[in-house]
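Enquirer:
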Amino acid sequence: MTRIEKVELRMVDLVPKVRRTDAIQSFVSQETPIVTITDSDGATGTGYSYTIGTGGSSVMRLLADHLAPRLIGRDADMIEAIWHELEFATHATTIGAITAIALAAIDSALWDLRARKQGLPLWKLAGGAKEKCPLYTTEGGWLHIETEALVDDAVQAKAQGFLGSKVKIGRPHGSEDHARLSAVRAAVGDGYEIMTDCNQGFTVDEAIRRADRLRDLDLAWIEEPLPADDIDGHVRLSRSTATPIAVGESLYSIRHFRDYMQKGACSIVQVDVGRIGGITPWLKVAHAAEAFDIPVCPHFLMELHVSLTCAVPNGKYVEYIPQLDELTSSRMRIENGHAYAPNDPGIGIDWDWDAVSGKSIPEFTTVITRREG
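Position one of the sequence shown corresponds to residue 862 (this note's numbering), numbered consecutively onward.
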């Protein structure tokens, strides 16, 4: 039996390729914790997660001080046991973003190690439902972008083969959102999907009002219309509109998703590896959603989510937001509006270690080789 002998921790702070704004925030930094696990055979697996600019230092301290040392000497194939042990070890801080982000980096590294040792790509190891998934783009739909540029980007995306574009909504008055989206719909026609994202920016009544105003545009979904912990509000909204309601990027527990699905508070699940705490709980949410006939359209992390979306039968869309180009040698394969899951063993990310080392923040670079306590 092989054991975990070393855990390497790094964090890279990436600058997004474009300015990203939504109804509640603007962010210019993407902290990326990276965990590499080495076992007694010399095999390695690397995982990662992310923040949108705050909390990265706390994630790294949690990893270095409390989580990574517990991995030393463990059987890396005991992924489920390790995940639950680490969650319990931090039960006083769960459920929340800092712990979930830290768990996600470790858990995805363990899955990468397992997949590499078994010689399988993640999408096959985790289920193997299909080799490709439809792709939509978000990078040209941020809230600050003027209508003409918004339209141009959607038209170009359609010409490039994308099957949909996401447009942020939450301008001061609903008429502004309607005008912007109407211009996009007129330009791309009825056969192209338009997704919208509110980023938790509305009250229930305002969300119902805006959904009614937008009903004639045949939107693919309205994403995060309300604060993520307002399940009853999402129930009211879902009952008031035929437009699908999408949630998930700001949910941190499989039980949160259970409650949403049981109460009919959503019709699309956007579970995010980085927010739910890793691949292990991600798959549980996806399979639960299948039981409710709910599609999974994960938020962000396209380089990882393409494999998971292809692993499950109800994986519907991958969101195109390039995240790791500065740190990797591989690129996601895109053909005819579909993203293909990578076939190399592992989670499908070919890290450029020179680039990672060059961009790593020294104070958060740690190597752990012994278990504390």
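Where is the CB? At the ideal position from N, CA and C, for every residue including glycine.
Which residues in the same chain have their Cβ closer than 7 angstroms to the Cβ of ILE1195, if we skip the five residues on either side of it in sequence?
Expert: Taking the sequence shown and counting its residues from 1, the one referred to as residue 1195 is at position 334. Here the set comprises LEU996.
Enquirer: Apart from the five residues on each side of it in sequence, which residues of its chain come closer than 8 angstroms, Cβ to Cβ, to ILE1069?
Expert: As a working mapping, residue 1069 is identified with position 208 in the sequence shown. The answer, listed in chain order, is ARG1097, LEU1098, SER1101, THR1102.
Enquirer: Could you have a look at TRP1003 and say whether DSSP puts it in helix, strand or coil?
Expert: Taking the sequence shown and counting its residues from 1, one reaches residue 1003 at position 142. Note: TRP1003 maps to coil in three-state DSSP.
Enquirer: Starting from HIS1199, follow the beta strand (DSSP E) in both directions and report where the run begins and ends.
Expert: Taking the sequence shown and counting its residues from 1, the one referred to as residue 1199 is at position 338. First-last of the beta strand (DSSP E) with HIS1199: 1199 to 1201.
Enquirer: Quick one: is GLY980 buried, meaning 16 or more other Cβ sit within 10 Å of its Cβ, or exposed?
Expert: Translated into the one-based positions of the sequence shown, residue 980 becomes position 119. Exposed.
Enquirer: Within its chain, find whatever has a CB closer than 6 angstroms to the CB of SER901; leave out the 5 residues flanking it on each side and keep chain order.
Expert: Position 40 of the sequence shown, counting from 1, holds the residue named residue 901. Around SER901, the same chain offers THR863, ARG864, GLU866 as residues with beta carbons nearer than 6 angstroms, after the five sequence neighbours per side are excluded.
Enquirer: Which whole-angstrom value is the C-beta distance of SER1191 and ILE1210, which I expect to be below 8 angstroms?
Expert: Numbered from 1 along the sequence shown, position 330 holds the residue referred to as residue 1191. Numbered from 1 along the sequence shown, position 349 holds the residue referred to as residue 1210. So it is a contact: roughly 6 angstroms between Cβ atoms.
Enquirer: In or out: THR1057 buried (at least 16 other Cβ within 10 Å) or exposed?
Expert: Here residue 1057 corresponds to residue number 196 of the sequence shown, with the count starting at 1. When all chains shown are included, THR1057 counts as buried.
Enquirer: Cα separation between THR1104 and ARG1071?
Expert: Within the sequence shown, the letter at position 243 stands for residue 1104. Within the sequence shown, the letter at position 210 stands for residue 1071. So the alpha carbons of these two residues sit roughly 11 angstroms apart.
Enquirer: Quick check on DSSP: helix, strand or coil for VAL1228?
Expert: Indexing the sequence shown from 1 puts residue 1228 at position 367. Strand at VAL1228.
Enquirer: Of all the options LEU1144, PHE1161, VAL896, LEU983, which has the alpha carbon lying nearest to the alpha carbon of ALA925?
Expert: Here residue 925 refers to the residue found at position 64 when the sequence shown is read from its first residue. Ranking the options by Cα distance to ALA925, first place goes to VAL896.
Enquirer: Counting Cβ pairs closer than 8 angstroms, one from the region 912 to 926 and one from the region 983 to 992, do we hit at least three?
Expert: Because the criterion of three Cβ pairs below 8 angstroms is not met, the region 912 to 926 and the region 983 to 992 do not touch.
Enquirer: Count the C-beta pairs between the region 1152 to 1160 and the region 1169 to 1189 that are closer than 8 angstroms, then say yes if the count reaches three, no if not.
Expert: yes
Enquirer: Identify, in the order they occur along the chain, each residue of the same chain with its Cβ nearer than 8 angstroms to the Cβ of VAL1108, setting aside the five sequence neighbours on each side.
Expert: The count along the sequence shown starts at 1 and reaches residue 1108 at position 247. Cβ within range, chain order: GLU1084, GLU1085, ALA1089, HIS1095, TYR1121, ALA1126, CYS1127, ILE1129, VAL1130, GLN1131.
Enquirer: Is the region 1196 to 1203 touching the region 903 to 911 in the sense that three or more CB pairs, one from each, lie closer than 8 angstroms?
Expert: no
Enquirer: Does the beta carbon of VAL873 sit closer than 8 angstroms to a beta carbon anywhere in chain D?
Expert: Judged by its chain identifiers, the structure shown contains no chain D, having just a single protein chain.
Enquirer: Less than 8 angstroms between the beta carbons of ILE1182 and GLU1000, yes or no?
Expert: Position 321 of the sequence shown holds residue 1182. Position 139 of the sequence shown holds residue 1000. Contact flag set, yes.
Enquirer: What's the gap between the Cα of ILE962 and the Cα of MET939?
Expert: Your numbering for residue 962 matches position 101 in the sequence shown. Your numbering for residue 939 matches position 78 in the sequence shown. Distance between the alpha carbons of ILE962 and MET939 is about 20 angstroms.
Enquirer: When DSSP labels each residue in this structure, what does ILE1140 get in the three-state scheme?
Expert: Locating residue 1140 in the sequence shown gives position 279, counting from the first residue. Helix.
Enquirer: Span of the beta strand (DSSP E) holding GLN891?
Expert: As a first step, residue 891 must be located in the sequence shown, where it is residue number 30. Segment 891 to 900, the beta strand (DSSP E) holding GLN891.
Enquirer: Could you check the C-alpha separation between SER1036 and LEU1144 for me, to the nearest Å?
Expert: In the sequence shown, residue 1036 corresponds to position 175, counting from 1. In the sequence shown, residue 1144 corresponds to position 283, counting from 1. Near 39 angstroms, if we compare the C-alpha coordinates of LEU1144 and SER1036.
Enquirer: In chain order, what residues of the same chain have a beta carbon less than 8 angstroms from the beta carbon of ALA1149, not counting five sequence neighbours either side?
Expert: Against the sequence shown, residue 1149 aligns to sequence position 288. Correct list, in chain order: ILE1115, PHE1118, ARG1119, MET1122.
Enquirer: With distances taken between CB atoms, is the gap from ASP1013 to ILE1140 smaller than 8 angstroms?
Expert: Along the sequence shown, one-based indexing puts residue 1013 at 152. Along the sequence shown, one-based indexing puts residue 1140 at 279. Cβ distance not < 8 angstroms, so ASP1013 and ILE1140 don't count as in contact.
Enquirer: Using a 10 Å radius around the Cβ and a threshold of 16 neighbouring Cβ atoms, would you call PRO1142 buried or exposed?
Expert: Walking along the sequence shown from the start, residue 1142 turns up at place 281. Per the 10 Å Cβ criterion, buried.
Enquirer: Where does ARG880 fall in DSSP's three states?
Expert: Taking the sequence shown and counting its residues from 1, the one referred to as residue 880 is at position 19. Looking at ARG880 - three-state DSSP - the assignment turns out to be coil, as it is neither helix nor strand.
Enquirer: Give the DSSP-derived three-state secondary structure of GLY842 in the structure shown.
Expert: This structure cannot speak to residue 842, because the chain is shown only from 862 to 1234.
Enquirer: How should ALA1040 be labelled, buried or exposed, when 16 other C-beta atoms within 10 angstroms of its C-beta is the threshold for buried?
Expert: Your numbering for residue 1040 matches position 179 in the sequence shown. Exposed is the call here.
Enquirer: Tell me the rounded alpha-carbon separation between VAL868 and PRO1223.
Expert: Taking the first residue of the sequence shown as position 1, residue 868 is located at position 7. Taking the first residue of the sequence shown as position 1, residue 1223 is located at position 362. In a straight line, the C-alpha of VAL868 is about 16 angstroms away from that of PRO1223.
Enquirer: Measure the CB-CB distance between GLY908 and ALA966 and report whether it falls below 8 angstroms.
Expert: Translated into the one-based positions of the sequence shown, residue 908 becomes position 47. Translated into the one-based positions of the sequence shown, residue 966 becomes position 105. The answer is yes: Cβ separation under 8 angstroms.
Enquirer: Near ILE959, which residues of its chain fall below 7 angstroms by C-beta distance, leaving aside the five closest residues on each side in sequence?
Expert: The count along the sequence shown starts at 1 and reaches residue 959 at position 98. Correct list, in chain order: GLY916, SER919, VAL920, LEU923.
Enquirer: Please go through the same chain and pick out, in chain order, the residues whose beta-carbon is closer than 6 angstroms to the beta-carbon of GLU1151, but skip the five residues on each side of it.
Expert: As a first step, residue 1151 is located in the sequence shown; it is residue number 290 there, counting from the start. Contacts found: ASN1175.
Enquirer: Following the continuous beta strand (DSSP E) through ALA929, name the residue where it begins and the one where it ends.
Expert: Position 68 of the sequence shown holds residue 929. Counting along the chain, ALA929 falls outside any beta strand (DSSP E), and DSSP gives it neither H nor E.
Enquirer: Candidates GLN1017, ALA1018, SER1043, ILE1030: which alpha carbon is nearest HIS1005's?
Expert: Locating residue 1005 in the sequence shown gives position 144, counting from the first residue. For HIS1005, the nearest C-alpha among the options comes from ILE1030.
Enquirer: Which residues mark the beginning and the end of the alpha helix (DSSP H) in which TRP1214 is found?
Expert: The count along the sequence shown starts at 1 and reaches residue 1214 at position 353. Looking at the DSSP string, the run of the alpha helix (DSSP H) that includes TRP1214 is 1214 to 1220.
Enquirer: Please report how far the alpha carbon of CYS1059 lies from the alpha carbon of THR882, in whole angstroms.
Expert: Position 198 of the sequence shown holds residue 1059. Position 21 of the sequence shown holds residue 882. C-alpha separation (whole angstroms): 11 angstroms.
Enquirer: Using only the alpha-carbon positions, how far apart do TRP944 and PRO1033 sit?
Expert: Here residue 944 refers to the residue found at position 83 of the sequence shown. Here residue 1033 refers to the residue found at position 172 of the sequence shown. Those two C-alpha atoms are separated by around 43 angstroms.
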